[in-house]
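> Counting from 447, one number per residue, gives the positions in the sequence shown under my numbering. Mind having a look at this structure? Questions to follow.
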Amino acid sequence: MKGKELLKDEEVQKFVRRYIILYGVQLGVYTVVAICMQVWWQYFVFMISFIALRSFAGGYHAKRESVCVVQSGAIVLAACLTMKFIVISMQTVICIALLSGIMIFFHAPIEAEQKKLTDNERKKYRKTSRIVWIVEGILIVIASCFDSWLRIVAEPVIIAWFWVLVLAMTAAIRDVSKENE
447 MKGKELLKDE
457 EVQKFVRRYI
467 ILYGVQLGVY
477 TVVAICMQVW
487 WQYFVFMISF
497 IALRSFAGGY
507 HAKRESVCVV
517 QSGAIVLAAC
527 LTMKFIVISM
537 QTVICIALLS
547 GIMIFFHAPI
557 EAEQKKLTDN
567 ERKKYRKTSR
577 IVWIVEGILI
587 VIASCFDSWL
597 RIVAEPVIIA
607 WFWVLVLAMT
617 AAIRDVSKEN
627 E
């Protein structure tokens with residue numbers, strides 16, 4: 447029996463090491479891209495906001511790791527390009543805030559096919575995603591009071607909300623289309 451447990455522990459450790467290396471390489475590449483585009487600080491704010499909210503709000507998750515890596519890279523690149531070249535209007539900020547707020551408060555967490563949640567997890571994730579959204583919203587309001595913070599803090603959080611919203615809507619559409627099959 448111990449031999450099987452040791453084998454399972456080794457497999458788990460191997461998976462964790464591989465995951466940490468892959469995630470570390472991804473973050474390293476993203477960071478280099480952000481530095482080259484001169485949006486390092488905005489990238490940092492975006493990643494914290496995106497990861498914090500996405501972790502609890504849920505949404506679409508790719509089934510294959512390679513697809514996940516490509517999609518994650520595309521999201522980060524799109525975010526960096528947006529932060530570098532596009533000034534987000536206050537109307538857009540309000541629209542994204544309302545849509546993401548509605549999604550968070552009425553639909554989060556949105557489960558992935560690969561990770562079904564228990565009732566307790568669902569309650570915990572719902573509450574936590576709401577708290578994260580509110581804290582990030584307060585940060586946006588405070589940052590909006592200072593012109594110098596608007597592009598550095600408020601816009602990256604709004605861009606993170608946008609991508610969480612896109613991934614949530616993608617998962618919701620997938621679920622509806624599966625129900626109609």
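Glycine residues also receive a C-beta, built at the ideal position from the N, C-alpha and C atoms.
#1: Helix or strand or just coil, what does DSSP make of I534?
#2: Looking only at C-alpha atoms, which of E456, L473 and N566 sits nearest to G519?
#3: Could you tell me whether the region 528 to 537 touches the region 548 to 563, using the rule of 3 or more Cβ pairs below 8 Å?
#4: Evaluate contact between the region 593 to 608 and the region 502 to 520, counting only Cβ atoms and requiring at least three cross-stretch pairs below 8 Å.
#5: Quick check on the burial criterion: 16 or more other C-beta atoms within 10 angstroms. Buried or exposed for C541?
#6: Helix, strand or coil for G505, going by three-state DSSP, please let me know.
#7: Whole-angstrom Cβ separation of Q484 and E601, contact assumed at under 8 Å?
#8: Indicate the three-state DSSP secondary structure (helix, strand or coil) for A558 in the structure shown.
#9: What residue range is occupied by the uninterrupted alpha helix (DSSP H) comprising R620?
#10: Around the Cβ of R464, are there at least 16 other Cβ atoms within 10 angstroms (buried) or fewer (exposed)?
#11: Does DSSP classify F492 as helix, strand or coil?
#12: Where do the ends of the alpha helix (DSSP H) carrying T574 lie?
#13: By Cβ distance, which residues of its chain are closer than 7 Å to R568, with the 5 residues on each side in sequence left out?
#14: S609 to E511, Cα distance in whole Å?
#15: Do I550 and R576 have their C-beta atoms within less than 8 Å of each other?
#16: Tell me which same chain residues have a C-beta within less than 7 Å of the C-beta of C526, skipping the five on either side of it?
Per the coordinate set shown:
#1: When DSSP states are grouped into helix, strand and coil, I534 belongs to the coil group.
#2: L473
#3: Counting Cβ pairs under 8 Å, fewer than three are found: no touch.
#4: no
#5: exposed
#6: coil
#7: Between E601 and Q484 the Cβ distance is about 14 Å, and since that is not below 8 Å, they are no contact.
#8: strand
#9: E601 to E625
#10: exposed
#11: helix
#12: Membership of T574 in the alpha helix (DSSP H) is indicated by the continuous run D565 to S590.
#13: Around R568: P555.
#14: As written in the sequence, residue 609 is Trp, which differs from the Ser given in the question. Taking the straight line joining both Cα atoms gives about 19 Å.
#15: Contact: yes.
#16: V479, A480, M483, V485 and Y489
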